[in-house]
Amino acid sequence: MSTELKNDLFIRAALAEQTERPPIWMMRQAGRFMPEYWEIKNKYSFLEMCKTPEIAADVTMLPVDLLDTDAAILFSDILVTPEAMGGDLSFEQGVGPRFSNPVRTWEDAKRLDVDVLPKLKYVADAIQVIQQRLNGRIPLIGFAGAPFTILSYLVEGSSTKDFKNTKLLLNNDPELAHYILQKIADLTVDYLNMQIAVGVDAVQLFDSWASALSWNDYKEFSHAYNQQIISKLNRSVPVISFCKGASVFAPLLIETNPNVISIDWNADIRTVKNSLPEGMAIQGNLDPFVLYADKKVIKAKILNIIESMRGEKGFIFNLGHGIMPDIPFDNVKYAFEVVKEFRY
Ligand code: CP3
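Heads up: the sequence shown begins at 1 in UniProt numbering, then just goes up one per residue.
Next comes the structure, spelled out in structure tokens:
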């Protein structure tokens, strides 16, 4: 962790302190909506960018410099861990991530390697380069994918709308699902603790596809592992638990005892905040599609969220999910300005 931060608004909010305005960063802020991202992307593949610490640092710093964010997020991907476990991963333009060797049988699952930290050394190296560049300006967030979300990519082999193969596995061979989930969970504990040891200032667990599950399946195949992971983390830095579907699953998300729960846009943020135990903070929850709208609308919908949190301790402004690549950069910049000019 950085010894002294020049801007510690994000950390104070994550530790459920009252702040003069909410800190702001956006999930997927280091990405394709910035023309500067494309200048780099046109020269390298996405995985090359992730695996070359200097380039990962350059991309991490783009939104920091262009938008003056209150936190940086490591440029990487949740799929670098399943790749290190043996997944043959590629990112195809317009198609998204693809594993050419989906994991669907016991044989496939037994081949998954869990002792993979050495293969992920490039992440540790990137964190060090980024922290040198940040030089205490703002905190750096590290992250990993939650086991269920990672499992869904390993099983489907690509992005999916209906999670058919994943659900077939959960229903037909829950033992195999648990075997794979446990392997991912073990690795995720080591991976996040490595990021914390190397120097990130906070970590976020991304359970992007939890919303595909029923309450009981979420409890059994997702929540149980998230809880296990968070209970084994080095808690010297704040832990954020993000879940798409948090409007429904918030009571379970709270049970994992993170410092911050990060919610999507379905729920009223004040209502969820009021259900949190003392000392737990909340992050969210603008619908990212608002950022396609006119500036007047963007401002009104942002202020609506911020005003509703007046008097609350521990609020980090963010989107309810990642920013889309074709959102106009100017609108994103404007959203940052609106939040940064606000004072409680
Ligand atoms: O937040 C950040 O800016 C930091 C970097 C980051 C990326 N992916 C970069 C990325 C983070 C935190 C992620 C997390 C991630 N990756 C999640 C969880 C968050 C979420 O949005 O739900 C998920 C589900 C993934 C898996 C993934 N990686 C997908 C589905 C895709 C393709 C998406 C698409 O829109 O095409 C990626 C690729 C990816 N990860 C890109 C970036 C900048 C685009 C790569 C490119 O330039 O083509």
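Ideal Cβ placement from N, Cα and C applies to all residues, glycine included.
Tell me which same chain residues have a C-beta within less than 7 Å of the C-beta of residue i, skipping the five on either side of it?
i: Pro53; result: Tyr122, Asp125, Ala126, Val129
i: Ala13; result: Thr19, Pro22, Pro23, Ala281, Gly314, Phe315, Ile316
i: Gly87; result: Phe99, Asn101, Leu154
i: Asp287; result: Trp265, Gly320
i: Ile269; result: Ile263, Ile282, Gly284, Asn285, Ile305, Ser308, Met309
i: Gly279; result: Ala16
Give every residue of the same chain whose Cβ lies closer than 6 Å to the Cβ of residue i, excluding the five residues on either side of it in the sequence, and list them in chain order.
i: Phe10; result: Pro23, Asp70, Ala71, Pro139
i: Gly322; result: Met27, Arg28
i: Leu253; result: Ser241, Cys243, Ala246, Ile261
i: Lys301; result: Val290
Any idea what DSSP makes of residue i, helix, strand or coil?
i: Leu62; result: helix
i: Ser45; result: coil
i: Phe336; result: helix
i: Phe342; result: coil
i: Leu252; result: helix
i: Ile40; result: helix
i: Lys141; result: Before going on, a small fix: residue 141 reads as Ile here, not Lys. Strand at Ile141.
i: Ser152; result: helix
i: Ser222; result: helix
i: Thr105; result: coil
i: Asn30; result: One point to set straight first is that residue 30 is Ala, not Asn, in the sequence displayed. The answer is coil: DSSP assigns Ala30 none of H, G, I, E or B.
i: Lys232; result: coil
i: Thr52; result: coil
i: Arg310; result: coil
i: Asn171; result: helix
i: Thr188; result: helix
i: Gln18; result: coil
i: Ala293; result: coil
So who's on the other strand from residue i, going by DSSP bridges?
i: Phe242; result: Phe206, Ser262
i: Phe91; result: Pro97
i: Asn318; result: Asn285
i: Ile73; result: Ile141
i: Ile24; result: Phe317
i: Ser275; result: The partner list for Ser275 (beta bridge, DSSP) is empty, contrary to what the question assumes.
i: Ser158; result: Arg98
For residue i, which residues in the same chain have their Cβ closer than 8 Å to its Cβ, ignoring the five residues on either side in sequence?
i: Tyr44; result: Thr52, Ile55
i: Asp68; result: Phe336, Lys340
i: Glu36; result: Leu62, Leu66
i: Lys41; result: Arg32, Met49
i: Gly96; result: Ser158, Ser159
i: Lys295; result: Asn331, Tyr334
For residue i versus residue j, is the C-beta distance shorter than 8 Å?
i: Arg32; j: Pro325; result: yes
i: Ile184; j: Leu233; result: no
i: Gln204; j: Ile240; result: yes
i: Leu154; j: Tyr225; result: no
i: Ile298; j: Thr256; result: no
i: Phe289; j: Met34; result: no
i: Thr81; j: Leu176; result: no
i: Val237; j: Val200; result: yes
i: Lys273; j: Glu312; result: yes
i: Leu47; j: Ala84; result: no
i: Thr60; j: Leu79; result: no
i: Asp217; j: Leu276; result: no
i: Asp207; j: Phe148; result: yes
Can you find a CB in chain B that lies within less than 8 Å of the CB of residue i?
i: Ala71; result: As a matter of chain content, chain B is missing from the structure shown, which is built from one protein chain.
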